[in-house]
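**Student:** Residue numbers (our numbering), protein chains in the order written: chain G, 308 to 839; chain X, 10 to 212. Sharing a structure below in structure tokens format, with a few things to ask.
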Amino acid sequence: MIVCPACSHRNPEGAKLCEACGRSLANFVYRVCPSCGALNSAQHVFCHRCFAELALAEGEEPIPESTFVRPYTPPIVTLEEEVTTQAVHREAKAQASETGARPTSEALPGQTPSEAELGPRAAAPISEEQAVAPSMEGEMGEMPASTEEALSPLEAAESPEVLGGGPVGAAGVETPAVQVAPPDETQALTPEAAANPLEGLDDLLPFEPAVTLPHRPSQHVSAAPSTTEDYEAELFQQVAVERAPLQEGAQVVLPRTAQGLPQIGRTILYILVLLAGVLPLFTWGQMSSFVQPRESVLALVRTIEELPSGAEVLLSFDYSPTYAGELDPLALAVVRHLARRSVRMVVMSTKPEGIGLAEAIYRTITEESPDYRYGEHYVLLGYLPGQEAGLRSLNTALGDAFKIDYLQKRPLGELSATSGLATLKDFDQIIVLSDDSLTVQRWVEQVQAQSDIPFHALVTSAVEPLLVPYQRSGQLLSLIPAASGAVEYELAGSVKPSALFRSDAYAAFFVLLLVVALVTNALYARRGKRGS
Amino acid sequence: MRRFLPIAVAIICGLWVLADFFVSHPLIDSVGAKLLEGVMILAAFALFAGILNLLGFHARRISKDQKDWGYRLVLMVALGGTLIAGIVLPGSGALSWIFGYMYYPLQSTMAALLAFFVVSAAYRAFRLRNGEALIMLITSLVVLLAQLPFSNRISPYLPLLRKWILDVPVTAGTRGIILGTALGTITTSLRILLAVDHPYAQD
Chain G
308 MIVCPACSHR
318 NPEGAKLCEA
328 CGRSLANFVY
338 RVCPSCGALN
348 SAQHVFCHRC
358 FAELALAEGE
368 EPIPESTFVR
378 PYTPPIVTLE
388 EEVTTQAVHR
398 EAKAQASETG
408 ARPTSEALPG
418 QTPSEAELGP
428 RAAAPISEEQ
438 AVAPSMEGEM
448 GEMPASTEEA
458 LSPLEAAESP
468 EVLGGGPVGA
478 AGVETPAVQV
488 APPDETQALT
498 PEAAANPLEG
508 LDDLLPFEPA
518 VTLPHRPSQH
528 VSAAPSTTED
538 YEAELFQQVA
548 VERAPLQEGA
558 QVVLPRTAQG
568 LPQIGRTILY
578 ILVLLAGVLP
588 LFTWGQMSSF
598 VQPRESVLAL
608 VRTIEELPSG
618 AEVLLSFDYS
628 PTYAGELDPL
638 ALAVVRHLAR
648 RSVRMVVMST
658 KPEGIGLAEA
668 IYRTITEESP
678 DYRYGEHYVL
688 LGYLPGQEAG
698 LRSLNTALGD
708 AFKIDYLQKR
718 PLGELSATSG
728 LATLKDFDQI
738 IVLSDDSLTV
748 QRWVEQVQAQ
758 SDIPFHALVT
768 SAVEPLLVPY
778 QRSGQLLSLI
788 PAASGAVEYE
798 LAGSVKPSAL
808 FRSDAYAAFF
818 VLLLVVALVT
828 NALYARRGKR
838 GS
Chain X
10 MRRFLPIAVA
20 IICGLWVLAD
30 FFVSHPLIDS
40 VGAKLLEGVM
50 ILAAFALFAG
60 ILNLLGFHAR
70 RISKDQKDWG
80 YRLVLMVALG
90 GTLIAGIVLP
100 GSGALSWIFG
110 YMYYPLQSTM
120 AALLAFFVVS
130 AAYRAFRLRN
140 GEALIMLITS
150 LVVLLAQLPF
160 SNRISPYLPL
170 LRKWILDVPV
180 TAGTRGIILG
190 TALGTITTSL
200 RILLAVDHPY
210 AQD
């Protein structure tokens, strides 16, 4: 992370410009890793590359954000001041050549000679700590707060005095300084270069300037384990894996919780499940003679029987192929009943796979009743994305949610089954087939509550208990669990039977579960008596 | 401004759609419909972005020759084939064939395996350990028995007992969950509308 020196915004690693203020981050103060030479942000304690400690001075705390060094911004120099400064500069050089002494500091534009030569900062040699890691100085409080007075570390690093060894950290490791070639003394330092030596090179330089440092062996955390660590790891492995030898005559007692279903028991159970599924193929629905349709099934059958020919019903196939085995027979029974009543069906889905399941159901219906045609008697609208928002849009305008149909890609107005439909209020009934309760809840909240259209939900048996409150409140006129509902519907609606044999399978499976429950407790009771 | 703009847009859009729910006015209705249409477009685009992300994820691992790269390759080929069947050859019936003869049977097979797991789990779940387990066992037995086609022959009270279980204790618990969820939804909505929370503009 790079903290912007101007606004203190935290930018991601590698950012060249501040995300908040847009300023260049090239002048940011780095801390050089003593181990790998990577440049880290000033507030880093550990190197971002090799995780070596960045050698804080003894007792030194990581610098708070509020004390970050501000970049040097050159003062505005007028032409008159520029001329004066250059004159002073030439005079100082002449004096130096006369005396043979080297000026300790070059005056910058806007600085008076007294500031350049006698000022507390400008005149004094710039320390290495200032050049590389201000956080190590321990004197951050003395740094000038104003932007104009602050001295850029990179600018300071240009001074020949700062080149060489770095400061000595707490661990006695010398922190290397950034190696920068000494400036050409024949070239005067322009104000732009003083302000930002990397000006114009932002796009050429990566986040880490290409400063090469000689590799120094780290005295910090090493990735390679020591001999002691190897020995301890081996010992731990032995203790964790190897079992202690048992004493003579000792008996291994497993905890009771470890006594699970034995393999032979599991095999027997799986064979019984297989039989429960296969045997009904040969009994062909003998159990269906015992089936009595429940009230909610009878209510839906009555509703469909009372629909006039040409009535419009919206069906939403909101389930996945995972539950197709349970919901498909009920869907087929209801669609057959609606087709027999010559009801127009508009079909959609709020799940991407649902419309494929609907297509298969209607293919069967079309094969059974060739007079029942696509576009005239039924239309597949397709998948409606957006969940709640999608359902809300159905209330507003059907044409906004579905511009064209799913199979023929024609506008809804061109299909006779949908030509007179504008909103959901034009439908006589809504039937939703779903494998999860949230989908039905969305339909009730976003559609039924707004339009008061008679609403029916055909769901998986696992979902049924979660939707009973909506049925009791009257928002769902019928709530039918599909497992037993398909057989009940075929009987109540006198629809072509295709799910009757399933009643045998359900009965066999439920009986198996009952037997398992009873046998399980009998076995546990017997073991308990033995144990006591 | 950088933070203010998304918050302002979110509040205005949220209040507008909320007003559309309660007020019937041509302007509110039309703008609300456009906003909802935008949500649907975004949702569809999210699906597309998800596909791209999935492709990128597996392509990177295949290029690095990571473990199970073969399965990843099969996934990408299947995804590409289905996309081609759906987009390039929409009327050829290839998509219906893939759905009907590959996706549907595989999903149904996975669901059918649940029968074996349910019976195995019943071996442990129906064990009588304490009072709570006794209540669960009795309730399960009643509901199971009542779902048998010949449950009336066993006892005429079994279907009534099952109905009572669903209508009273189950409905009470479910209503509690629904009401709690609704209160939580209202609270979350208010926090977003009042800009207390703005998850759409994470810092």
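Where is the CB? At the ideal position from N, CA and C, for every residue including glycine.
Please report the Cβ distance between residue 775 of chain G and residue 180 of chain X, rounded to the nearest whole angstrom; I am assuming they are in contact, meaning their Cβ atoms lie under 8 Å.
**Tutor:** For the purposes of this step, residue 775 of chain G is identified with residue 468 of the first sequence, where counting begins at 1. For the purposes of this step, residue 180 of chain X is identified with residue 171 of the second sequence, where counting begins at 1. Their Cβ separation, rounded to whole angstroms, is 5 Å, which keeps residue 775 of chain G and residue 180 of chain X in contact under 8 Å.
**Student:** In angstroms with no decimal places, state the Cα-to-Cα distance between residue 728 of chain G and residue 705 of chain G.
**Tutor:** By 1-based counting over the first sequence, the position of residue 728 of chain G is 421. By 1-based counting over the first sequence, the position of residue 705 of chain G is 398. Those two C-alpha atoms are separated by around 7 Å.
**Student:** What do you get for residue 139 of chain X, buried or exposed, if any count of 16 or more other CB atoms within 10 angstroms of its CB means buried?
**Tutor:** For the purposes of this step, residue 139 of chain X is identified with residue 130 of the second sequence, where counting begins at 1. Looking at its Cβ environment, which holds fewer than 16 other Cβ atoms inside 10 Å, residue 139 of chain X is exposed.
**Student:** I'd like to know if residue 416 of chain G contacts chain X, where contact means its C-beta is closer than 8 Å to some C-beta of that chain.
**Tutor:** Locating residue 416 of chain G in the first sequence gives position 109, counting from the first residue. Only weak support exists for where residue 416 of chain G lies, its pLDDT of 45 falling under 50; the coordinates are left without a value.
**Student:** Under the assumption that residue 633 of chain G contacts residue 790 of chain G (Cβ atoms under 8 Å), give the Cβ distance between them as a whole number of angstroms.
**Tutor:** Here residue 633 of chain G refers to the residue found at position 326 when the first sequence is read from its first residue. Here residue 790 of chain G refers to the residue found at position 483 when the first sequence is read from its first residue. With a Cβ gap of about 6 Å, residue 633 of chain G and residue 790 of chain G count as contacting.
**Student:** If you pair each beta-carbon of the region 26-38 of chain X with each one of the region 672-688 of chain G, do three or more pairs fall below 8 Å?
**Tutor:** no
**Student:** Mind listing the chain G neighbours of residue 180 of chain X? Cutoff is C-beta to C-beta under 7 Å, in chain order.
**Tutor:** In the second sequence, the residue the question calls residue 180 of chain X occupies position 171. In chain order: 775, 776, 779.
**Student:** Output the distance between the C-alpha atoms of residue 119 of chain X and residue 629 of chain G, rounded to the nearest integer angstrom.
**Tutor:** Your numbering for residue 119 of chain X matches position 110 in the second sequence. Your numbering for residue 629 of chain G matches position 322 in the first sequence. Their backbone Cα atoms lie some 7 Å apart in a straight line.
**Student:** Using a threshold of 8 Å, state whether the C-beta atoms of residue 638 of chain G and residue 672 of chain G are closer than that.
**Tutor:** Here residue 638 of chain G refers to the residue found at position 331 of the first sequence. Here residue 672 of chain G refers to the residue found at position 365 of the first sequence. If you check the CB distance, residue 638 of chain G and residue 672 of chain G do not come in under 8 Å.
**Student:** What three-state label does DSSP hand residue 744 of chain G in the structure shown?
**Tutor:** On the first sequence, position 437 is the one that residue 744 of chain G refers to. Three-state DSSP puts residue 744 of chain G in a helix.
**Student:** Please name the residue, chosen from G:627, G:817, G:737, G:745, that lies closest to residue 755 of chain G on a Cα-to-Cα basis.
**Tutor:** Mapped onto the first sequence, residue 755 of chain G falls at position 448. Considering only alpha carbons, the answer is G:737.
**Student:** If we cut at 8 Å on Cβ distances, does residue 772 of chain G have a partner in chain X?
**Tutor:** As a working note, residue 772 of chain G is residue 465 in the first sequence. It does: the Cβ of residue 772 of chain G has a partner Cβ on chain X nearer than 8 Å.
**Student:** Rounded to a whole number of angstroms, what is the C-alpha to C-alpha distance between residue 20 of chain X and residue 203 of chain X?
**Tutor:** Taking the first residue of the second sequence as position 1, residue 20 of chain X is located at position 11. Taking the first residue of the second sequence as position 1, residue 203 of chain X is located at position 194. The alpha-carbon separation between residue 20 of chain X and residue 203 of chain X amounts to approximately 7 Å.
**Student:** Go to residue 624 of chain G, then tell me how far its beta strand (DSSP E) extends in each direction, as first and last residue.
**Tutor:** Residue numbering aside, residue 624 of chain G sits at position 317 when the first sequence is read from its first letter. Taken as a continuous stretch (DSSP letters only), the beta strand (DSSP E) holding residue 624 of chain G covers 619-625.
**Student:** I need the boundaries of the alpha helix (DSSP H) containing residue 113 of chain X, first residue and last residue.
**Tutor:** Mapped onto the second sequence, residue 113 of chain X falls at position 104. Residue 113 of chain X -> alpha helix (DSSP H) spans 113-134.
**Student:** What are the partner residues of residue 738 of chain G, as DSSP defines its beta bridges?
**Tutor:** What you label residue 738 of chain G is simply residue 431 of the first sequence in a count that begins at 1. According to DSSP, residue 738 of chain G bridges with G:622, G:763.
**Student:** Return the chain-ordered ranges of every alpha helix (DSSP H) run that is complete within the region 620-691 of chain G and spans a minimum of 4 residues.
**Tutor:** 631-647, 661-675
**Student:** Quick one: which chain G residues come within Cβ less than 7 Å of residue 101 of chain X?
**Tutor:** In the second sequence, the residue the question calls residue 101 of chain X occupies position 92. Under the 7 Å cutoff, chain G gives no residues; its nearest Cβ is about 13 Å from residue 101 of chain X.
**Student:** Could you please tell me which residues of the region 597-628 of chain G, in chain order, have their CB closer than 7 Å to any CB of chain X?
**Tutor:** 597, 598, 599, 627, 628
**Student:** Quick check on residue 702 of chain G: buried or exposed, where buried means 16 or more other Cβ atoms within 10 Å of its Cβ?
**Tutor:** Along the first sequence, read from residue 1 onward, the residue named residue 702 of chain G stands at position 395. When all chains shown are included, residue 702 of chain G counts as buried.
**Student:** Can you list, in chain order, the residues of its chain whose CB lies under 7 Å from that of residue 327 of chain G, leaving out five sequence neighbours each side?
**Tutor:** Here the question's residue 327 of chain G lines up with position 20 in the first sequence. Cβ neighbours of residue 327 of chain G beyond the five flanking positions: 311, 314, 316.
**Student:** Can you give the Cα-Cα distance for residue 398 of chain G and residue 387 of chain G, rounded to whole angstroms?
**Tutor:** Taking the first residue of the first sequence as position 1, residue 398 of chain G is located at position 91. Taking the first residue of the first sequence as position 1, residue 387 of chain G is located at position 80. The alpha-carbon atoms of residue 398 of chain G and residue 387 of chain G are separated by roughly 17 Å.
**Student:** With C-beta atoms as the reference, is residue 652 of chain G less than 8 Å away from residue 620 of chain G?
**Tutor:** Mapped onto the first sequence, residue 652 of chain G falls at position 345. Mapped onto the first sequence, residue 620 of chain G falls at position 313. Yes, they are a contact pair.
**Student:** For my contact list, residue 794 of chain G and residue 598 of chain G are in at a C-beta cut-off of 8 Å; report their separation, rounded to the angstrom.
**Tutor:** Position 487 of the first sequence, counting from 1, holds the residue named residue 794 of chain G. Position 291 of the first sequence, counting from 1, holds the residue named residue 598 of chain G. At roughly 5 Å, the Cβ-Cβ gap stays under 8 Å, so residue 794 of chain G and residue 598 of chain G are in contact.
**Student:** When DSSP labels each residue in this structure, what does residue 595 of chain G get in the three-state scheme?
**Tutor:** One-based indexing of the first sequence puts residue 595 of chain G at position 288. Here residue 595 of chain G sits in helix by DSSP.
**Student:** Would you please verify whether the beta carbon of residue 63 of chain X is less than 8 Å from any beta carbon of chain G?
**Tutor:** In the second sequence, the residue the question calls residue 63 of chain X occupies position 54. For residue 63 of chain X, the answer is no, since every Cβ of chain G falls outside 8 Å of its Cβ.
**Student:** Where residue 11 of chain X and residue 603 of chain G are concerned, what is the direct C-alpha to C-alpha distance, given to the nearest angstrom?
**Tutor:** Start at 1 with the first residue of the second sequence, and residue 11 of chain X comes out as number 2. Start at 1 with the first residue of the first sequence, and residue 603 of chain G comes out as number 296. Going by the C-alpha atoms only, they are around 55 Å apart.
**Student:** Could you tell me how far apart the beta carbons of residue 648 of chain G and residue 611 of chain G are, in whole angstroms, since I believe they sit closer than 8 Å?
**Tutor:** Here residue 648 of chain G refers to the residue found at position 341 when the first sequence is read from its first residue. Here residue 611 of chain G refers to the residue found at position 304 when the first sequence is read from its first residue. The pair is a contact, with the Cβ atoms about 6 Å apart (cut-off 8 Å).
**Student:** Hey, how far is the Cα of residue 741 of chain G from the Cα of residue 51 of chain X?
**Tutor:** Reading the first sequence from its first residue, position 434 is the one you call residue 741 of chain G. Reading the second sequence from its first residue, position 42 is the one you call residue 51 of chain X. Distance between the alpha carbons of residue 741 of chain G and residue 51 of chain X: 24 Å.
**Student:** How far does the beta strand (DSSP E) with residue 785 of chain G in it reach, from first residue to last?
**Tutor:** For the purposes of this step, residue 785 of chain G is taken as residue 478 along the first sequence, with counting starting at 1. Where residue 785 of chain G is concerned, the enclosing beta strand (DSSP E) stretches over 785-788.
**Student:** Provide the residue span of the alpha helix (DSSP H) that contains residue 110 of chain X, from first to last.
**Tutor:** In the second sequence, the residue the question calls residue 110 of chain X occupies position 101. Here residue 110 of chain X belongs to no alpha helix (DSSP H), and DSSP marks it neither H nor E.
**Student:** Using 8 Å as the cut-off, can you tell me whether the region 149-161 of chain X makes contact with the region 745-755 of chain G, which would need three or more C-beta pairs spanning the two stretches below that distance?
**Tutor:** no
**Student:** What residue range does the alpha helix (DSSP H) around residue 326 of chain G cover?
**Tutor:** Against the first sequence, residue 326 of chain G aligns to sequence position 19. Note, residue 326 of chain G: premise wrong, no alpha helix (DSSP H); not H, not E.
**Student:** Just to confirm, are residue 820 of chain G and residue 128 of chain X a CB contact at a threshold of 8 Å?
**Tutor:** Start at 1 with the first residue of the first sequence, and residue 820 of chain G comes out as number 513. Start at 1 with the first residue of the second sequence, and residue 128 of chain X comes out as number 119. Yes, the pair counts as a contact, with Cβ atoms nearer than the cut-off.
**Student:** Which residues mark the beginning and the end of the alpha helix (DSSP H) in which residue 270 of chain G is found?
**Tutor:** A query on residue 270 of chain G cannot be resolved here, the shown segment of chain G reaching from 308 to 839 and no further.
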